[in-house]
Structure formats: C-alpha cells, structure tokens
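Notes follow once the structure below has been shown.
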Amino acid sequence: MNQSLVYRDCPVCDGNVAEPYWQKGDLRIVRCGQCGMVYANPVSSEMATGEFYDASGKDYYLSPAKLESDYAGVRFERELLLFRKLCPRGAVLDVGCSSGAFLFQLRKRWPADYQILGTDVSGPPLDYAESRGVPVVRGDFLARELTIRAGAPASGPARPGEQYQHAGSETGAPYDAITFWAVIEHLAEPKRFLEKAHTLLKPGGLCFVLVPNLRSIAVRLLGAKYRYVYAQHLNYFSASTLGRFGERAGFEIVATRFTHFNPVVIWQDWRHGGREVSNAERGELLKQTTALKQKPWVKPAKWFYGLTEKALGCLGLADNVVVTLRKPAEVAGS
Ligand SMILES: [Zn+2]
C-alpha cells in the first residue's frame with residue numbers, strides 16, 4: 507500500500523472545515539461543516555490518482571464472474587431504461603466505462619440511435635471493451651480531447667478511430683449525453699470531471715450520475731459496517747449533496763431517482779460485522795445475484811422484490827441515487 511496521503515477540501519463546496527463521521531480501520535470519513543457532504547479525508551495517493559485501478563483493480567474488473575455479470579442483459583437494465591427515456595438518440599460518452607457493458611447494451615438494443623464512446627483509466631478492461639466492439643479512448647478523462655467525429659455513423663464498424671477521433675482534431679461540444687455509472691464516488695476531484703463533462707456537452711445535453719446513496723436503508727442499518735464504506739469510495743453522496751454538486755458545475759437538475767436494492771449484501775454485512783470483503787467475493791456475489799435474476803422460478807419472489815425496490819426508491823432508501831443533469835440550453839458561448 508502506498509503510504510503517502512492526499513488531503514482534500516470538500517468535493518462539493520470546497521470548504522475545509524469538517525467533523526469526523528466514520529472511522530473504519532485506516533479509513534477516515536468526515537462531514538463538511540458547510541454543506542454536509544460526507545467524504546474520505548485524507549486518502550491514499552494511489553486512490554487519489556486512479557493508479558490503483560490500473561494496477562490492483564484489474565483482477566476484479568476482469569474476473570470471469572465480473573465480466574459475465576456485467577454483460578448480462580439485466581445488469582444495466584435500470585440505467586438503460588432511465589437513459590433511454592431521457593435521451594432517445596445521439597452521441598454518448600461513458601466515463602469510467604470499465605469493460606464497456608453499458609455502451610454494448612445500449613447499441614445492442616437500439617443500434618441506429620446512438621454513437622458511442624467509452625473512456626477509462628484502467629487499461630485491461632478497455633481491451634475487453636474493444637474486443638466486444640465498443641470504441642474507447644484510454645487515459646485521463648481530464649487530459650483528453652474526446653470528440654466524436656461529426657457525421658460519423660450511429661452504428662457500424664466499431665474499430666478504434668472509425669467512429670471517433672480525438673487529440674484536438676475537432677473543437678466544440680459534441681455530446682448529447684455523458685454518463686458516470688458508479689464512478690464519481692471513486693474520484694478525489696469529482697468536480698473537475700463534472701465540469702469537463704459540462705464543456706463536452708451540447709447545450710441542452712444530459713449528464714447521468716449514479717452513486718451509492720448515503721441515505722439508503724443499507725447505510726442506515728449498517729453505518730460504516732456496510733461493505734461499500736471502503737478505501738475505493740472517496741465520496742458519499744446523498745440526493746441533496748449530489749444535486750448541489752451538479753448545480754455547482756453549472757447544470758440544472760432534470761430528475762432524481764433511487765434504484766437498486768440488494769438485501770443479500772445487507773444480510774451478509776450484518777452477520778459479518780463489516781469485515782473486509784475481497785474483490786473475488788464481490789464478483790462472485792454479483793454473478794450469483796445476476797444469475798438469480800434470470801431464473802424463471804424466482805418470478806413471484808422477483809415481483810415482491812421489485813415492489814420492495816420500488817417502495818424503497820419512492821422513500822429515497824434504495825442503494826443508489828441517480829441524478830440526471832442538463833446543461834442549460836441558453837448558455838452563450840459554450
Ligand atoms: Zn462542503
């Protein structure tokens with residue numbers, strides 16, 4: 507483990523007055539005295555730079571269990587439905603795309619409607635994404651030009667360079683939508699990412715941000731014992747801090763939703779009292795959950811489960827919160 511530590515200001519309001527919130531092993535989580543945002547401070551430099559994800563993270567991201575469940579049709583079901591409803595066509599950039607499963611599904615379901623591009627810091631999952639025909643750009647989102655070529659076909663051959671070009675070959679803000687599915691919570695400087703997304707969107711373009719919900723039933727029951735309170739998560743948003751975060755980057759809030767509910771995780775973490783859960787174990791659970799969702803005999807259970815998820819969603823208690831943000835259409839010169 508890299509020993510050097512990075513100290514952070516509040517990722518939402520830049521304040522530097524915070525009180526202790528949780529302590530879990532070496533992990534120190536604080537709450538901003540100004541805006542109430544909960545975040546890790548300090549954090550290890552390998553988490554702050556994203557170096558972790560290109561090194562130790564790859565075993566998890568490329569484990570057969572994780573790949574299989576990522577590419578299962580049900581994995582991004584909720585994200586796809588929400589996305590489709592609000593963005594029926596256009597150029598889409600998925601930031602932190604990992605193995606490319608969201609974009610793969612998007613194009614598989616509606617091949618004529620979207621131009622797609624994924625980006626990530628982690629190399630090995632991107633190799634996999636490309637092997638499945640998802641075009642990607644490698645490296646630091648903040649440092650890259652990410653432009654889909656004007657007039658590029660919405661579908662068709664997905665060879666790198668065919669559907670997109672980058673490195674300053676085109677100016678302007680070309681995207682209709684940019685997605686961050688479970689990404690922002692991993693970033694030491696999330697605001698810079700959202701601001702960059704803002705510059706890359708067309709006026710009126712949408713930004714989808716999904717993060718774990720600090721006010722979920724799981725967090726309320728388990729507190730810091732919850733497995734997702736861990737070193738990889740640097741930011742712990744509620745719907746209100748996430749909304750404020752979006753507004754400070756220049757967006758309007760279009761919609762706020764609460765999705766996903768995993769009672770197995772709550773049960774396991776409750777029983778095991780917050781022990782470290784290995785990446786292999788996470789991958790295996792994801793695989794089991796995904797496989798279970800596809801079994802026909804779980805239909806009545808699924809119906810009940812769906813109802814529970816919906817109820818928790820309405821109450822703002824589901825596992826994740828998603829905000830859809832819009833770049834104001836009338837902003838001149840951007
Ligand atoms: Zn703050």
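Numbering (our numbering), first residue to last: 507 to 840.
Even for Gly, the Cβ is constructed at its ideal location relative to N, Cα and C.
Predicted model only: the values in this text are computed from it and were never measured.
Beta-carbon spacing of residue i, residue j below 8 Å
i: Ser575; j: Leu727; result: no
i: Leu823; j: Phe764; result: yes
i: Tyr545; j: Leu740; result: yes
i: Asn547; j: Arg534; result: yes
i: Ala683; j: Cys593; result: yes
i: Ile622; j: Val598; result: yes
i: Val549; j: Arg514; result: yes
i: Pro630; j: Pro834; result: no
i: Val717; j: Glu695; result: no
i: Thr762; j: Val715; result: no
i: Val706; j: Phe757; result: The residue you asked about is not Val; residue 706 is Leu in the sequence shown. Contact: no.
i: Met543; j: Cys516; result: yes
i: Arg721; j: Val771; result: no
i: Val580; j: Lys799; result: yes
i: Val512; j: Cys538; result: no
i: Leu748; j: Val829; result: yes
Where residue i sits in the DSSP three-state scheme
i: Arg590; result: helix
i: Phe850; result: Absent from the structure is residue 850, since the part of the chain shown begins at 507 and ends at 840.
i: Glu525; result: strand
i: Pro802; result: helix
i: Asp560; result: helix
i: Gly674; result: Bear in mind that the predicted position of Gly674 carries a pLDDT of just 31, short of 50, making it unreliable; the figure below should be weighed with that in mind. Coil.
i: Leu716; result: strand
i: Phe647; result: coil
i: Cys820; result: helix
i: Tyr681; result: strand
i: Asn547; result: coil
i: Arg832; result: strand
i: Gly531; result: coil
i: Arg537; result: strand
i: Asp515; result: coil
i: Leu573; result: helix
i: Tyr707; result: According to the sequence as given, residue 707 is Leu; it is not Tyr. Reduced to three states, the DSSP call for Leu707 is strand.
i: Leu652; result: strand
i: Gly667; result: In this prediction, Gly667 scores a pLDDT of 40, lower than 50, which makes its location untrustworthy; the coordinate-derived value is nonetheless stated afterwards. In this structure, Gly667 counts as coil in the three-state DSSP scheme.
Status (buried if at least 16 other CB within 10 Å, exposed otherwise) for residue i
i: Phe890; result: Beyond the ends of the chain as shown, which are 507 and 840, falls residue 890; an answer cannot be given.
i: Leu573; result: buried
i: Asp520; result: exposed
i: Thr685; result: buried
i: Gln611; result: buried
i: Gly531; result: exposed
i: His778; result: exposed
i: Pro526; result: exposed
i: Leu693; result: buried
i: Val804; result: exposed
i: Pro570; result: exposed
i: Ser604; result: buried
i: Leu648; result: exposed
i: Arg613; result: buried
i: Arg615; result: exposed
i: Cys713; result: buried
i: Glu782; result: exposed
i: Gly789; result: buried
i: Asp560; result: buried
i: Asp646; result: exposed
i: Glu815; result: buried
i: Trp687; result: buried
Chain B within 8 Å of residue i, Cβ atoms only
i: Arg514; result: Looking at the structure shown, chain B is missing, and only one protein chain is on hand.
(request) Could you tell me which uninterrupted beta strand (DSSP E) segments, each at least 3 residues in length, are contained entirely in the region 722-779, listed from first to last along the chain? (result) Qualifying beta strand (DSSP E) stretches, in chain order: 758-765.
(request) Quick one: which unbroken alpha helix (DSSP H) runs of 4-plus residues sit fully inside the region 583-644? Chain order, please. (result) Runs found: 583-592, 607-615 and 629-637.
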